[in-house]
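Enquirer: Just passing along the structure, written as structure tokens.
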Amino acid sequence: MSGADADRGADVNRHLRAGVAVYNAGEYHAAHDAWEEPWLELDAGPEKDFLQGLIQFTAAVHHAVEGNPAGATGLAASAREYLDGLGAAFRGVALDPVREYLRDLEADPAVVERRPPVRLEIGGRTVSVADLDFEESVVAARILAEEHGFDPELIERAARYGRADLDAGRATSPFVSLVMDFAQGRNRALVYRRLSEHAARREHEEGDVEGLFG
Numbered sequence: 002m003s004g005a006d007a008d009r010g011a012d013v014n015r016h017l018r019a020g021v022a023v024y025n026a027g028e029y030h031a032a033h034d035a036w037e038e039p040w041l042e043l044d045a046g047p048e049k050d051f052l053q054g055l056i057q058f059t060a061a062v063h064h065a066v067e068g069n070p071a072g073a074t075g076l077a078a079s080a081r082e083y084l085d086g087l088g089a090a091f092r093g094v095a096l097d098p099v100r101e102y103l104r105d106l107e108a109d110p111a112v113v114e115r116r117p118p119v120r121l122e123i124g125g126r127t128v129s130v131a132d133l134d135f136e137e138s139v140v141a142a143r144i145l146a147e148e149h150g151f152d153p154e155l156i157e158r159a160a161r162y163g164r165a166d167l168d169a170g171r172a173t174s175p176f177v178s179l180v181m182d183f184a185q186g187r188n189r190a191l192v193y194r195r196l197s198e199h200a201a202r203r204e205h206e207e208g209d210v211e212g213l214f215g
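Under the numbering used here, the letters of the sequence shown match residues 2 to 215, in that order.
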């Protein structure tokens with residue numbers, strides 16, 4: 002495997018886990034954004050079908066929950082077509098429960114009123130946002146920021162500062178912990194404000210340094 006292929010595989014896995022965790026948190030509409038980014042970069046094939054199936058699956062669930070049975074039924078059928086033939090699992094994601102729920106959803110979208118949507122498992126585990134590492138949390142935080150009316154660019158800036166802190170060997174970084182807190186939904190408005198304050202402070206500090214050598 003080339004270095005480029007390995008990097009792409011790692012990126013797909015990062016977005017996959019972030020989307021699964023966001024979906025499992027009940028953020029059905031937001032989850033598809035995590036999967037759509039790598040899907041757009043893939044060539045036709047099983048991996049692209051897999052992500053397309055997940056995108057349409059969570060869209061079907063979203064429509065069913067929002068009371069749009071026609072949208073849910075059509076998307077459930079389409080999602081099942083994409084996921085059929087991919088085996089019991091793909092990239093570690095258990096697909097048999099997903100296909101079973103899609104069949105139920107296609108037959109009767111009101112199934113969401115009787116039992117909650119199936120949760121997604123990777124490697125036999127139901128992945129939550131709390132299970133994500135920093136880079137996976139960045140993906141989750143960015144799509145959740147956009148979903149809930151926050152500026153995703155602040156998340157990206159905070160992620161860059163967090164990476165810089167880690168690369169510099171710092172034991173802790175407020176950017177790392179706050180981005181992960183934001184992804185996990187711990188008082189997002191307060192966390193966002195603190196991220197904004199820390200980012201403004203870092204920008205000011207960097208401006209002072211540039212002024213010394215400018």
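Note that the Cβ used here is the ideal one computed from N, Cα and C, for glycine as well.
Roughly how many whole angstroms lie between the Cα atoms of Ala131 and Gly75?
Expert: By 1-based counting over the sequence shown, the position of residue 131 is 130. By 1-based counting over the sequence shown, the position of residue 75 is 74. Cα to Cα, Ala131 sits roughly 33 Å from Gly75.
Enquirer: Output yes if chain D places a C-beta closer than 9 Å to the C-beta of Ala26; else output no.
Expert: Absent from the structure is chain D; it holds one protein chain and no more.
Enquirer: Please name the residue, chosen from Asp109, Asp34 and Val66, that lies closest to Gln53 on a Cα-to-Cα basis.
Expert: Indexing the sequence shown from 1 puts residue 53 at position 52. Checked all of Asp109, Asp34 and Val66; the closest Cα to Gln53 is Asp34.
Enquirer: Does DSSP put Arg203 in a helix, a strand or coil?
Expert: Locating residue 203 in the sequence shown gives position 202, counting from the first residue. Helix at Arg203.
Enquirer: Give me the Cα-Cα distance between Arg116 and Pro70, rounded to the nearest whole angstrom.
Expert: As a working note, residue 116 is residue 115 in the sequence shown. As a working note, residue 70 is residue 69 in the sequence shown. Taking the straight line joining both Cα atoms gives about 16 Å.
Enquirer: Could you spell out the range, first to last residue, of the alpha helix (DSSP H) harbouring Glu38?
Expert: On the sequence shown, position 37 is the one that residue 38 refers to. It spans Tyr29 to Glu42 - the alpha helix (DSSP H) in which Glu38 sits, taken as one unbroken run.
Enquirer: Give the DSSP bridge partners of Ala90, in chain order.
Expert: The residue labelled residue 90 in the question sits at position 89 within the sequence shown. Answer is Ala95.
Enquirer: Should the region 50 to 65 be regarded as contacting the region 160 to 171, the criterion being three or more beta carbon pairs within less than 8 Å?
Expert: Here the region 50 to 65 makes no contact with the region 160 to 171; the two share fewer than three CB pairs at distances below 8 Å.
Enquirer: If you run the structure through DSSP and keep just helix, strand and coil, what is Thr74?
Expert: Position 73 of the sequence shown, counted from the start, is the residue given in the question as residue 74. Assigned with DSSP and collapsed to three states, Thr74 falls in helix.
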